[in-house]
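Novice: In full-length UniProt numbering, the protein residues as written are 1 to 374. Glycine included, C-beta positions come from ideal geometry on N, C-alpha and C. Model, not experiment: these values are computed from the prediction.
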Amino acid sequence: MPFKIRSILSLLLIIGVIWYFYGDDYERAGFQGVTSEIQSDLQSIKENPIITNTIDTISTGIKELFHEVLPEERSEGQQVEEKPNLESPSTEIFSIHNVELKDSRADVEAEAGPPKRSSLNEYGVNWVAYHENYQNFFMVAYDDKNQIVGLFTNQDLFTSSEEISMKSNQKEVIAALGEPLDSIDKGLVRYQINKEQAYDVFLLDESYVTIFYDKHENNTITAIQMISKDLEQQKQKYFAEPSEQLKEGFELQLFDLTNAARVHHGLPVLAWNEEVRQTARDHSTDMADHNYFSHTNLAGLSPFDRMKEDHIRFQIAGENLASGQPSSIFAHEGLMNSEGHRENILNNKFETLGIGVAFNQDSQPFYTENFVTN
Numbered sequence: 001m002p003f004k005i006r007s008i009l010s011l012l013l014i015i016g017v018i019w020y021f022y023g024d025d026y027e028r029a030g031f032q033g034v035t036s037e038i039q040s041d042l043q044s045i046k047e048n049p050i051i052t053n054t055i056d057t058i059s060t061g062i063k064e065l066f067h068e069v070l071p072e073e074r075s076e077g078q079q080v081e082e083k084p085n086l087e088s089p090s091t092e093i094f095s096i097h098n099v100e101l102k103d104s105r106a107d108v109e110a111e112a113g114p115p116k117r118s119s120l121n122e123y124g125v126n127w128v129a130y131h132e133n134y135q136n137f138f139m140v141a142y143d144d145k146n147q148i149v150g151l152f153t154n155q156d157l158f159t160s161s162e163e164i165s166m167k168s169n170q171k172e173v174i175a176a177l178g179e180p181l182d183s184i185d186k187g188l189v190r191y192q193i194n195k196e197q198a199y200d201v202f203l204l205d206e207s208y209v210t211i212f213y214d215k216h217e218n219n220t221i222t223a224i225q226m227i228s229k230d231l232e233q234q235k236q237k238y239f240a241e242p243s244e245q246l247k248e249g250f251e252l253q254l255f256d257l258t259n260a261a262r263v264h265h266g267l268p269v270l271a272w273n274e275e276v277r278q279t280a281r282d283h284s285t286d287m288a289d290h291n292y293f294s295h296t297n298l299a300g301l302s303p304f305d306r307m308k309e310d311h312i313r314f315q316i317a318g319e320n321l322a323s324g325q326p327s328s329i330f331a332h333e334g335l336m337n338s339e340g341h342r343e344n345i346l347n348n349k350f351e352t353l354g355i356g357v358a359f360n361q362d363s364q365p366f367y368t369e370n371f372v373t374n
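#1: For my contact list, S104 and N146 are in at a C-beta cut-off of 8 Å; report their separation, rounded to the angstrom.
#2: CB-CB under 7 Å to K102, same chain, minus the five flanking residues each way: which ones, in chain order?
#3: Measuring straight from C-alpha to C-alpha, what distance separates R306 and T279?
#4: Do K247 and V357 have their CB atoms nearer than 8 Å?
#5: With distances taken from CA atoms, which of I316, E92, I93, N98 is nearest P84?
#6: Does the beta-carbon of N218 have 16 or more other beta-carbons within 10 angstroms, so that it is buried, or is it exposed?
#7: Within 10 angstroms of the Cβ of S294, are there 16 or more other Cβ atoms? Answer buried if so, exposed if not.
#8: Among F371, V108, M336, Q79, which residue has its Cα nearest to the Cα of D214?
#9: Look up S228 in the DSSP assignment and say whether it is helix, strand or coil.
#10: For a minimum of 3 consecutive residues, which ranges assigned as the beta strand (DSSP E) are wholly contained in the region 75–132?
#11: Check E64 in the structure and name its three-state DSSP category.
#12: Taking L177 as the reference, give the member of P115, S165, K186 with the closest Cα.
#13: Which residues bound the beta strand (DSSP E) around M139?
#14: Is any heavy atom of the ligand SAM found at a distance shorter than 7 Å from the C-beta of A223?
#15: Could you tell me how far apart the beta carbons of T159 and S207 are, in whole angstroms, since I believe they sit closer than 8 Å?
#16: Does the beta carbon of S168 sit closer than 8 Å to a beta carbon anywhere in chain C?
#17: Three Cβ pairs or more, each shorter than 8 Å: is that satisfied between the region 223–232 and the region 352–369?
#18: Following the continuous alpha helix (DSSP H) through F255, name the residue where it begins and the one where it ends.
#19: I want to know whether the region 166–173 touches the region 129–148 - three or more CB-CB distances under 8 Å.
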């Protein structure tokens with residue numbers, strides 16, 4: 001039998017099996033609904049190594065199949081903004097977009113222009129976001145004298161006196177900066193740093209520098225956050241005090257971080273979806289109030305069921321969940337290092353995004369991202 005005919009018959013067989021088991025999910029939620037249900041089913045049996053190896057083979061075949069059937073479409077017409085001419089830092093070990101901690105707001109806006117957004121963060125100050133349609137994206141926190149006390153970017157906008165760049169991996173970073181911290185002391189309380197996560201925290205130049213790594217790109221740098229020592233010490237607890245302003249801040253920051261990551265990977269920007277935000281908020285609130293963490297709520301409703309209940313029409317949809325991270329930055333970086341969540345964030349088929357955050361009685365945030373194409 002010719003190879004092409006065998007390939008076609010194999011593909012038809014795979015489609016038939018998928019349709020038999022997941023046809024209802026496709027009719028209700030499209031391709032994304034099918035993949036979400038498959039991932040959920042596979043999760044329960046992944047501990048068996050024989051099954052895991054078989055699943056990996058099938059999963060690869062399915063991805064190749066749908067790559068052929070539904071090829072990626074690159075965005076067109078998005079104006080490419082010129083990257084700034086980055087200079088070496090003058091006083092600190094790192095600079096972002098040619099500004100450093102202790103510089104003034106006037107310095108920042110002379111360099112980057114007016115901000116696009118300002119929203120409350122976990123330190124009790126605002127993250128002020130600067131970008132051009134999410135290109136050249138970075139965030140700045142100011143004190144009451146308009147001096148920089150915090151900086152963040154997840155794009156290639158930083159320079160270092162230690163010759164560290166986005167291409168540097170974790171081993172190279174540690175070789176240049178020394179061993180990262182195991183904990184941060186605040187008064188009589190010691191907060192342990194989770195060494196299982198893909199980031200390191202360093203105390204450099206009277207500032208806490210967190211460097212995030214991309215597990216999918218050989219543990220090279222994917223983002224950097226700098227917080228002044230004084231600002232960090234003012235934050236007495238691991239989780240910030242909940243408020244409506246902080247809830248909205250986390251939601252908007254997570255939205256901006258998602259779009260900045262998409263642009264960095266050459267993908268189009270997602271539009272904000274206010275209707276879906278409410279669906280996401282409701283699910284985060286339900287999880288926080290009833291102490292569970294799942295895509296399926298206690299009434300047995302999937303993300304797609306919940307959207308349908310809220311009269312949200314969609315062709316394809318997807319959901320990401322996170323909990324336990326003290327900020328939208330840590331939540332986003334964790335999601336980017338989880339394969340299924342990363343696929344949602346970098347899915348070229350999605351067009352809009354709604355994000356909802358809620359806090360439980362221990363002030364722990366629950367994050368829900370709902371991606372929708374109408």
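Specialist: Taking the geometry as given:
#1: 6 Å
#2: Q147, I148
#3: 7 Å
#4: yes
#5: N98
#6: exposed
#7: exposed
#8: M336
#9: strand
#10: 94–96, 117–120, 126–132
#11: Residue confidence for E64 is low, a pLDDT of 36 falling below 50, so the modelled location carries little weight and cannot support an answer.
#12: S165
#13: 135–142
#14: No copy of the ligand SAM occurs in the structure displayed, which carries no ligand at all.
#15: Going by Cβ atoms, the distance from T159 to S207 rounds to 16 Å, so no, they are not a contact pair.
#16: The structure shown contains no chain C; it holds only a single protein chain.
#17: no
#18: 244–264
#19: no
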